[in-house]
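Contents: one structure, followed by commentary.
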Amino acid sequence: MRGMKIIILFWITLFFLLTGNSATEAQPQPQPQQQELRFSAEKAYEHAQYLTDKIGPRPAGSKGEEKAAQYIYYILEQAGWKVKEQPFSKVVVQHNPLEPENNLQVINSRNIIAELPGQNPETVILGAHYDSADTSAPGALDNASGVGVLLEVAKVLASSSQQESYQLIFFGAEEAGLVGSEYFVTQADLSAVRWMVNLDMVGTPLEIDVAGKTSAPPELVKQVANVVKNESIPFHLSRDFLVMTREGSQGGNSDFSPFLDRGIPAVGFGISGRPNGFYHRPEDLMGGVSLQEIDQIGQLILVMLKSVHPSSIGSQTWDTSYLTFQLGSQVFILSSLGLRILFLLVFFFTGYLFIRLFRGKYRTNSSAWIKYFIGALTMTALSLVVVGLSGVGELLWQKLKGVEILWYAHPDLFILSRLIFILCLVFLAVGIIRKIPFAQSSNFYWLVATGSMLLVTTFLALYRLDLAFPFLFWLLCLDLLYLWPNIILALGAPYFIYHIHWELLNSQQWVSFYEIAHRYVLIFILLYAGLLLPVLFSVLFCVLRKPKFIKPILKATRLPIIIFLVADLLFLGLVPSYSQTYPQILRIQKEWTGNETAQYHMSSSDFIPNDLAKELGQVHSKNIYFPAQGDKPPMNLEGVIQDKGGRSFSLTLKMNYVREPYRVKIKIRSPHSFRITQIDDFLPMSKLPRKVKLEGIEKSGQYELILERTPPHKSILQASIEGEGKIQVTVEVIFADLKPSLTLEKHNLSIDYLESYRSEFEF
Numbered sequence: 002m003r004g005m006k007i008i009i010l011f012w013i014t015l016f017f018l019l020t021g022n023s024a025t026e027a028q029p030q031p032q033p034q035q036q037e038l039r040f041s042a043e044k045a046y047e048h049a050q051y052l053t054d055k056i057g058p059r060p061a062g063s064k065g066e067e068k069a070a071q072y073i074y075y076i077l078e079q080a081g082w083k084v085k086e087q088p089f090s091k092v093v094v095q096h097n098p099l100e101p102e103n104n105l106q107v108i109n110s111r112n113i114i115a116e117l118p119g120q121n122p123e124t125v126i127l128g129a130h131y132d133s134a135d136t137s138a139p140g141a142l143d144n145a146s147g148v149g150v151l152l153e154v155a156k157v158l159a160s161s162s163q164q165e166s167y168q169l170i171f172f173g174a175e176e177a178g179l180v181g182s183e184y185f186v187t188q189a190d191l192s193a194v195r196w197m198v199n200l201d202m203v204g205t206p207l208e209i210d211v212a213g214k215t216s217a218p219p220e221l222v223k224q225v226a227n228v229v230k231n232e233s234i235p236f237h238l239s240r241d242f243l244v245m246t247r248e249g250s251q252g253g254n255s256d257f258s259p260f261l262d263r264g265i266p267a268v269g270f271g272i273s274g275r276p277n278g279f280y281h282r283p284e285d286l287m288g289g290v291s292l293q294e295i296d297q298i299g300q301l302i303l304v305m306l307k308s309v310h311p312s313s314i315g316s317q318t319w320d321t322s323y324l325t326f327q328l329g330s331q332v333f334i335l336s337s338l339g340l341r342i343l344f345l346l347v348f349f350f351t352g353y354l355f356i357r358l359f360r361g362k363y364r365t366n367s368s369a370w371i372k373y374f375i376g377a378l379t380m381t382a383l384s385l386v387v388v389g390l391s392g393v394g395e396l397l398w399q400k401l402k403g404v405e406i407l408w409y410a411h412p413d414l415f416i417l418s419r420l421i422f423i424l425c426l427v428f429l430a431v432g433i434i435r436k437i438p439f440a441q442s443s444n445f446y447w448l449v450a451t452g453s454m455l456l457v458t459t460f461l462a463l464y465r466l467d468l469a470f471p472f473l474f475w476l477l478c479l480d481l482l483y484l485w486p487n488i489i490l491a492l493g494a495p496y497f498i499y500h501i502h503w504e505l506l507n508s509q510q511w512v513s514f515y516e517i518a519h520r521y522v523l524i525f526i527l528l529y530a531g532l533l534l535p536v537l538f539s540v541l542f543c544v545l546r547k548p549k550f551i552k553p554i555l556k557a558t559r560l561p562i563i564i565f566l567v568a569d570l571l572f573l574g575l576v577p578s579y580s581q582t583y584p585q586i587l588r589i590q591k592e593w594t595g596n597e598t599a600q601y602h603m604s605s606s607d608f609i610p611n612d613l614a615k616e617l618g619q620v621h622s623k624n625i626y627f628p629a630q631g632d633k634p635p636m637n638l639e640g641v642i643q644d645k646g647g648r649s650f651s652l653t654l655k656m657n658y659v660r661e662p663y664r665v666k667i668k669i670r671s672p673h674s675f676r677i678t679q680i681d682d683f684l685p686m687s688k689l690p691r692k693v694k695l696e697g698i699e700k701s702g703q704y705e706l707i708l709e710r711t712p713p714h715k716s717i718l719q720a721s722i723e724g725e726g727k728i729q730v731t732v733e734v735i736f737a738d739l740k741p742s743l744t745l746e747k748h749n750l751s752i753d754y755l756e757s758y759r760s761e762f763e764f
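One gets the working numbering by counting positions in the sequence shown from 1 and adding 1 to each.
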């Protein structure tokens, strides 16, 4: 036992030696002795309120976004900044690796750039996006709050001379995929930029985002975390994005990410935790913005501008494979060098235990391999069964409640329920499988668990060190388990796997992750069964090492565990699927199809509430249609098709709008391959990414190409298409319904109101 304590103390001491902490003080630079205006949270709040209440929704390219840009321009100019617009038009390729499709979207927007020269040319950039998610979202918290804070910071900075130069950038089209910030970094000279900070949703606890496709410099992370700690603001360093997000196609979740890609030190400020249900919804109003938190973040930004000073300027390189660990307000950073040293030591330690095992009493013969195989096969089958059964409670209550997305309001409770279910099943199963005639050598099961973990860790380490760390920690716990058999080590070994999932649960990515998991059930059962298998082998190792201690525990807990399982299942039935904080999303769309009479289309990703369906005299389903009032359509459309000979056709669409639409979507489908050889400014071919072609991609036996565009729109579209056989063209035009004739006020519902016009052509 004394030797075990020494080993554990060694690893803990080594960790602290390799990481250090964030106590490196960020020293404020000397400032000119000149009276500076104080930050006014009330003024910042008024700016956010104007954008939210007076202008309203500001999706990319819309009139609302244009008005917001004009307002920002005016305020900055009045404050004494040198201001300019940076209009842009970009073709964005929508990626979905699970469902490949060729979906191209033209985004038109503009950045507002303001400059305040200082005594030195070195520049600090402050950014915030001013667009909102869609035509229904007023975007108070996301991100009128960030814009309001920066506009007030601009007034404070302009009130006195500054040592450093400052640049404020208000990005357009962030919600479309960081389009404005990506465009800015490709056009700007960044050689004098020292660092960048981005505000996206103002509130506490503060989320400090330190990674996009790459990560922020450790030096900057330390300085920023230290300033936030000194200001006594609760914060969370986003380890989830550091470990996971950089593999995504977008790379990061806000406008600081493109700066990191160009070697400019940058961080993002947001709100920690899973966003409330009004995120990107019509309920994102000023009631969700705190005046006190605006004041806190505004003051923090001003202190940070004086205190944070990375040592280099311009594009640079730094250690990007480090890891961050947070304990309260203390931040520890494990550098890539420290990570490599840790990997080598753990690998050597594992190798030493392997040698010790094979030189010791561990012996086997050919006849025993059958029993070993039975044991391994039993544990594999158990892992698959346990993971599969963990979702029984969800399936049961989905059927009983008539709800598909049962977990939306309280995903944490459903995850906890699954974990409890898995643990209970494992304890019950261990008592049963001990009666199966498999090999009783505990060392074999430890060897299988540790050997497989060593292979996984090595493979991931060769790909990316930081991604492999959770498995390295697991491997170290398995090593310690061999010396000190303990059920706590067996269950706690995958701690960082749990931690990553907890980070994911408290992020904007959770809903899409959970939806994918439910959509591809078999893949995720295999994945999580694979993660559970080393845990089962570890538990079996402990049981076989200490049978006299474990056996009475298993016997005594059998009945309580069964009762607990039943209680767990019943408890899930009491958990509401939706709440006022996380309501069900419903869309009410007034639709015109060609010259037909309008109808209402009520839809949701889940079943529409039964009481609402009954009120409308409809069947309980996800889509409900019923007649609308006899309004005239917001447009009419005429399609002209000409055969140009061979395999070529020309398509002309004449669209007469009564009012400007927000989005025009054209879907081209054919059972045979086709391509667009020429198209007008609806989708400028000169702006296409190099590897992207205007051709159909096969999907479910049909070739498909989707073209979309945000405002401004033209009334005529012309294109030349090359293909054979039947080609179907579907035009769908979306309008914001700002004054809907049909409105609903229902508990736990968040409603989008839209209008659409749809027409189809075949040739």
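Quick reminder that beta carbons are idealized off the backbone N, C-alpha and C, glycines included.
Here the structure is a predicted model, which means the values were calculated and not measured.
Check, Outcome
"Give me the residue from TYR373, GLN293, LEU477, GLY299 with the minimum Cα distance to PHE344.", "LEU477"
"Using the beta-carbon count (16 or more within 10 Å), is LEU745 buried or exposed?", "exposed"
"Rounded to a whole number of angstroms, what is the C-alpha to C-alpha distance between LEU417 and PHE525?", "17 Å"
"Determine, using beta carbons only, whether TYR409 and TYR579 come nearer to each other than 7 Å.", "yes"
"Evaluate contact between the segment 282-295 and the segment 306-318, counting only Cβ atoms and requiring at least three cross-stretch pairs below 8 Å.", "no"
"Which same chain residues end up closer than 7 Å to GLN297 when comparing Cβ atoms and leaving out the 5 residues on each side of it in sequence?", "THR205, ILE234"
"According to the neighbour-count rule (16 or more other Cβ atoms, all chains shown, within 10 Å of its Cβ), is LYS740 buried or exposed?", "exposed"
"Measure the Cβ-Cβ separation of PHE260 and MET197 and say whether it is below 7 Å.", "yes"
"For ILE56, count neighbouring C-beta atoms within 10 Å of its own C-beta (all shown protein chains included) and say buried if the count is 16 or more, exposed if not.", "buried"
"Rank PRO218, PHE572, ALA159, VAL180 by C-alpha distance to the C-alpha of HIS130 and give the top, closest one.", "VAL180"
"Determine the closest residue to THR381 out of LYS727, TYR446, LEU117, ASN749, with distance taken between C-alpha atoms.", "TYR446"
"Looking at the structure shown, is MET202 part of a helix, part of a strand, or coil, going by DSSP?", "coil"
"Could you check where the beta strand (DSSP E) with TYR704 kicks off and where it finishes?", "703-710"
"State yes or no: is the C-beta of SER384 within less than 7 Å of the C-beta of ALA177?", "no"
"Over the uninterrupted alpha helix (DSSP H) stretch that includes LYS633, give me the two end residues.", "Premise fails: LYS633 is in no alpha helix (DSSP H) and is neither H nor E."
"For a test of your reading of the model: does the CB of LEU718 fall under 6 Å from any non-hydrogen atom of the ligand GTP? Yes or no.", "The ligand GTP is absent from the structure shown, which contains no ligand whatsoever."
"Considering only residues of the segment 147-220, which uninterrupted beta strand (DSSP E) runs meet the minimum length of 3 residues and lie entirely inside it, listed in chain order?", "166-172, 194-200, 207-210"
"Considering only residues of the segment 550-610, which uninterrupted beta strand (DSSP E) runs meet the minimum length of 3 residues and lie entirely inside it, listed in chain order?", "585-594, 600-604"
"Assuming TYR754 is part of the beta strand (DSSP E), what are its boundary residues?", "750-763"
"Quick check: LEU77 and ALA155, are their CB atoms within less than 7 Å of each other?", "yes"
"Ignoring anything shorter than 3 residues or poking outside the segment 312-336, list the beta strand (DSSP E) runs there in chain order.", "324-328, 331-335"
"Quick check on this structure: which residue in VAL730, PRO60, LYS700, ALA518 has the alpha carbon closest to the alpha carbon of ARG1?", "Only positions 2 to 764 of the chain appear in this structure, which leaves residue 1 out of reach."
"Okay, do the segment 457-474 and the segment 552-567 touch, 3+ Cβ pairs below 8 Å being the bar?", "no"
"Let me confirm a value: ARG559 is counted as buried when at least 16 other C-beta atoms fall within 10 Å, else exposed. Which label applies?", "exposed"
"Grab me the residues of GLN619's own chain with a C-beta within less than 6 Å of its C-beta, minus the 5 sequence neighbours each way, in chain order.", "ILE625"
"Which partner residues of ASP1 appear in the DSSP bridge assignment?", "The question about residue 1 has no answer, for the chain in this structure spans 2 to 764."
"Just to confirm, is the Cβ distance from PRO471 to TRP319 under 7 Å?", "no"
"CA-CA distance, ARG111 and GLN87?", "5 Å"
"Quick one: is LYS591 buried, meaning 16 or more other Cβ sit within 10 Å of its Cβ, or exposed?", "buried"
"Let me confirm a value: ASP681 is counted as buried when at least 16 other C-beta atoms fall within 10 Å, else exposed. Which label applies?", "exposed"
"Put SER90 into one of helix, strand or coil per three-state DSSP.", "strand"
"Taking just the CA atoms, how far does VAL229 sit from SER322?", "23 Å"
"Do you know how far the Cα of LEU708 is from the Cα of GLU66?", "22 Å"
"Can you give me the C-alpha to C-alpha distance between GLU405 and SER442, rounded to a whole angstrom?", "45 Å"
"Can you give me the start and stop residues for the alpha helix (DSSP H) that HIS48 sits inside?", "42-50"
"Tell me which residues share the same chain as PHE608 and place their Cβ nearer than 8 Å to its Cβ, disregarding the 5 neighbours each side in the sequence.", "GLY403, VAL404, GLU405, HIS621, SER622, LYS623"
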